[in-house]
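With the first letter of the first sequence counted as 1, position 391 gets the number 377 in my numbering; the numbers rise by one all the way through.
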Amino acid sequence: MTFALVDANNMYVSCERVFNPKLENRPVVVLSNNDGMAVARSAEARALGIKMAEPWFKWKHLAKQHGIVALSSNYALYADMSNRMMKVLAQFSPDQEVYSIDECFLGMDGFKHLDLVAYSHEIRRRVKQWVGLPVCVGLAETKTLAKLANHCAKKNLAGAGGVCDFGRMTQDELSKLFATIDVSEVWGVGRALTQKVGARGITTVESLRTADPKTLRREFSVTLERTIAELNGTQCVDLEDANPTRQQIISSRSFGAPVTELEQLREAVASYIGIAAAKARAQGSVAGMVQVYIRTNVFKPESPQYQQTQTVPLPESTSDTLQLTKAALWALKRIYKLGYAYHKAGVALLNLTDGGDGTVQKDMFSTAKDNTKLMAVMDRINATYGRGTLRSAAEGSSKEWAMKRERMSPCYTTRWDELPVVKA
DNA sequence: CTATAACTCTCAA
DNA sequence: CTAACGTTGAGAGTTATAG
């Protein structure tokens, strides 16, 4: 099987550039929620030494010095651009797995009569022209190799030019190439594994590829054994379902400023439940358990630390925001302690099951109102007018705890009122 | 004891 | 001016618990 892995170049920065061409050729960084750290960097920003996941305040001085543009993340914009990109890519193969907001796998078996490299260049050209995003393409016989080929395309290794096809290279050429690539670039090899296999002298892709799979399976995991097989061209991982039903739904955020009052935590928890419950309804699931957690700031070890989670089993599985809120607020009250500066809270909907007609186990003694219709109306209104238009009173209206996003660009593609006015 | 639930660790974007 | 460090989901493996 031949896979193509198509991945946008620093997606978030590229999205911003589509609507603000002044950002071209300049160092640009997009920040995480709360304007905390760098999650996307233009090539120019990378060249200045700004690392991925580096806290902004640590390089803010660089920003001043070199005129780096730092932007808050605008997920509404990126999600919309992603949808456009995926639609265009879907035209190139009937087999598409949307793997993340900025990349997808395409099954290429039906196109082997074509020149796949030329075909990939056409993919790049069309996505650039129709959506405005630059992408690179990696081609290979397994998903793991396709990811690696994409890495080479991006780094312009193996004479890439935005497309890298391992199928066109000999085993000898591949071995030489792999010997120059750090093992941490391999899909599935993260920080911890890099350390551990490094201690056994495995530091390059080539040394992992040629390592003994049985030994590594024994010492590490079956996952690593599969990775080694995939690096050697034996396919272990197939294309997956595009929109699998989630087994759990989490909503959590750090606060814009420390929170000490229970009332504020209640608003935050209620808001997160609002988000999570809407997601559950959207996929037709009901939750059997709700989990709530709160924590202080781990990056401030000098201030008193506290962290706690509480799980509540529900008498009857539900996706009703009001019932779930009630359960979550009860859990919150159990774990809340006065005297701490809370930094983050979150909720999780667990034990999700299919909420389809009549399959939910009912609670014989339940006195809860059936809010199914209310929820349906709420979802419709919020779909039209934006999330939070209709919400539970428990969410409050001040939202003093809400995250910081001080440098956000307009939602160019999803909000008329944020379109910049062009003077004639 | 086994089967499974619950939890921990790791990884990815 | 100050202080300031993401979110969501999955899978594997281990430990706790029920029966």
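Even for Gly, the Cβ is constructed at its ideal location relative to N, Cα and C.
* Length of the line joining the Cα atoms of Phe152 and Val16 -> For Phe152 and Val16, the gap between their C-alpha atoms comes out near 32 Å.
* Asp168 (DSSP reduced to helix, strand or coil) -> Three-state DSSP puts Asp168 in a strand.
* To do: Within its chain, find whatever has a CB closer than 7 Å to the CB of Leu415; leave out the 5 residues flanking it on each side and keep chain order.
  => The question about residue 415 has no answer here: the residues shown for the chain are numbered -13 through 410.
* Asked: At a cut-off of 8 Å, is His47 close to the ligand FAD when judged by its beta-carbon and the heavy atoms of the ligand?
  -> Among the components modelled here there is no ligand, and therefore nothing to report on the ligand FAD.
* Asked: Is the number of C-beta pairs between the segment 357 to 375 and the segment 18 to 32 that are closer than 8 Å three or more?
  -> Because the criterion of three Cβ pairs below 8 Å is not met, the segment 357 to 375 and the segment 18 to 32 do not touch.
* Asked: Between Lys312 and Ile280, is the Cβ-Cβ spacing less than 9 Å?
  -> No, the Cβ-Cβ distance between Lys312 and Ile280 is not below 9 Å.
* **Residue burial classification, Ser240 (beta-carbon count within 10 angstroms, cutoff 16)** => Per the 10 Å Cβ criterion, buried.
* To do: List the residues that DSSP assigns as beta-bridge partners of Cys150.
  => In the DSSP output, where bridge partners are listed per residue, Cys150 has Gly124.
* **Length of the line joining the Cα atoms of Val278 and Leu300** => Pairing Val278 with Leu300, the inter-Cα distance amounts to about 13 Å.
* Compute the distance between the beta-carbons of Thr297 and Met275, then report whether it is under 9 Å. => Contact flag set, yes.
* Asked: When DSSP builds the beta bridges, which residues end up paired with Phe(-11)?
  -> Note: Phe(-11) sits in a beta bridge opposite Gly93 and Ala126.
* Three-state secondary structure (DSSP) at Ala266? -> In the structure shown, Ala266 sits in a helix (DSSP, three-state: H, G or I).
* Identify which residue in Pro199, Ala62, Val183 and Val84 has its Cα closest to the Cα of Ala(-10). => Looking at the Cα atoms, Val84 is the closest of the given residues.
* Can you tell me where the alpha helix (DSSP H) with Tyr105 in it begins and where it stops? -> Tyr105 -> alpha helix (DSSP H) spans Leu102 to Trp116.
* To do: Examine the Cβ distances between the segment -2 to 5 and the segment 97 to 105 and report whether three or more of them are shorter than 8 Å.
  => Because the criterion of three Cβ pairs below 8 Å is not met, the segment -2 to 5 and the segment 97 to 105 do not touch.
* Please say whether Gly332 and Ser238 have beta carbons closer to each other than 9 Å? => Note that the C-beta distance between Ser238 and Gly332 is below 9 Å.
* To do: State the start and end residues of the unbroken beta strand (DSSP E) segment that holds Gln291.
  => Element bounds for Gln291: n/a, residue is neither H nor E.
* **Beta-bridge partners of Asp340, as assigned by DSSP** => DSSP output for Asp340 lists Ser271 as bridge partner(s).
* Asked: Does the segment 29 to 43 come close enough to the segment 65 to 74 that 3 or more CB-CB pairs lie under 8 Å?
  -> Judged by Cβ distances under 8 Å, the segment 65 to 74 makes no contact with the segment 29 to 43, as fewer than three pairs qualify.
* To do: Go to Gly242, then tell me how far its beta strand (DSSP E) extends in each direction, as first and last residue.
  => Taken as a continuous stretch (DSSP letters only), the beta strand (DSSP E) holding Gly242 covers Ile235 to Val245.
* C-beta contact flag for Ala327 and Thr282 at 9 Å -> In this structure, the beta-carbon distance from Ala327 to Thr282 falls below 9 Å.
* **Straight-line gap, Ala178 to Val408 (C-alpha atoms, nearest Å)** => Their backbone Cα atoms lie some 51 Å apart in a straight line.
* Asked: With which residues is Thr413 paired in a DSSP beta bridge?
  -> The first residue shown for the chain is -13 and the last is 410, placing residue 413 beyond what the model contains.
* Asked: Are the Cβ atoms of Leu217 and Leu202 separated by less than 9 Å?
  -> Contact flag unset, no.
* Asked: What's the gap between the Cα of Leu225 and the Cα of Lys133?
  -> If you take the alpha carbons of Leu225 and Lys133, they lie about 13 Å apart.
* Sort Arg154, Phe91 and Val74 by Cα distance to Leu119 and report the nearest one. => Distance from the Cα of Leu119 is smallest, within the candidate group Arg154, Phe91 and Val74, for Val74.
* Can you grab the Cα-Cα spacing for the pair Glu108 / Ser289, in whole Å? => Cα-Cα distance, rounded: 56 Å.
* With burial defined as no fewer than 16 other Cβ atoms inside 10 Å of the residue's Cβ, what is the status of Ala317: buried or exposed? -> Under a 10 Å Cβ-count criterion, Ala317 is classified as buried, with 16 or more other Cβ atoms of the shown protein chains found around its own Cβ.
* Asked: Thinking C-alpha only, which one of Leu125, Arg110, Lys114 and Ala62 is nearest Gly93?
  -> Taking only the C-alpha atoms, the option nearest Gly93 is Leu125.
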